[in-house]
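Student:
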Amino acid sequence: MCQHELVIPQKHFIFEYLFGLVTTTFYEFIWFVCKNFNGQIFTFPNYFNDKKVNSQGEMTSFLEIFQQRNSIADHYFDLIAKAQDRREIEYQSAIKIQCAFRRFVFRQKLAERNQKAIIIQRTYRMNRAKELMKCLKVQKACEARMLYFNQMATKIQKVWRQFVIRNNIQIPVRKEGDPPPPPKKFPKIRRVIKLKKKIADPAPATTRNALQRGMTANAEFNGFHFNHNFGNVFANQNNIIGQVRAADW
């Protein structure tokens, strides 16, 4: 309720309404009696004639004032009822607007949370799929390795049993369905051993070709050693070259 509105107790309205109703009924009854039965049924003395006329005029003016008062009161009560109805409509409208706004805010927050949840779930599933793919690759490689080892073990057992029974070894020929042979292990070490044998040739070098051969092998060995970082595994090659030169001279 607004502060500038006049607060009138309900009891006051009820009392005024009842008082006005009783007063109006009483005066209407008096006016009805005076109008319909004056000079017809009752006979009044002449002494009261002038007073009767004056009372009728006063009663008429009072009734007009009372009717105007009632019309003003009715108009006032009508305004109050309309104001209450308008206030009720405004209150219901405010409630509906608040409900719609809160629903809009709730849906907006819910959509935002759903979007974030979708991003989190997508990231989690992608990471999980990557981990699963890695596990499947490792599992597939392990299965292929075990299959190859089993086939090789079967072949070894077959050759060994054949050797035990027949005292003879026959290497089986590779077929189309057999797995590929294993890759050569340590190719660099084999090359180092080959170069070492080439450098340490037991034949005496009596010509310059032997010296050239030793220097070429030494250069190849040093280059291979520099490129592949094998460390000082063999003897100093300068001594070998010196020995070759001394033998030549």
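Under the UniProt record's numbering, think of the first position of the sequence shown as 1, with each following residue one higher.
Built from N, CA and C at the ideal position, the CB exists for glycine as well.
Note that the coordinates shown come from a computational prediction; the quantities given were computed from them, not determined experimentally.
1) Nearest-angstrom Cα distance between I80 and Q92?
2) Alpha carbon to alpha carbon, what distance is there between M146 and I156?
3) Output the distance between the C-alpha atoms of F149 and R161, rounded to the nearest integer angstrom.
4) Quick check: what's the CA-CA separation for N73 versus Q84?
Tutor: According to the data block:
1) 18 Å
2) 15 Å
3) 18 Å
4) One detail in the question is off: residue 73 reads as Ala in this sequence, not Asn. In a straight line, the C-alpha of A73 is about 16 Å away from that of Q84.
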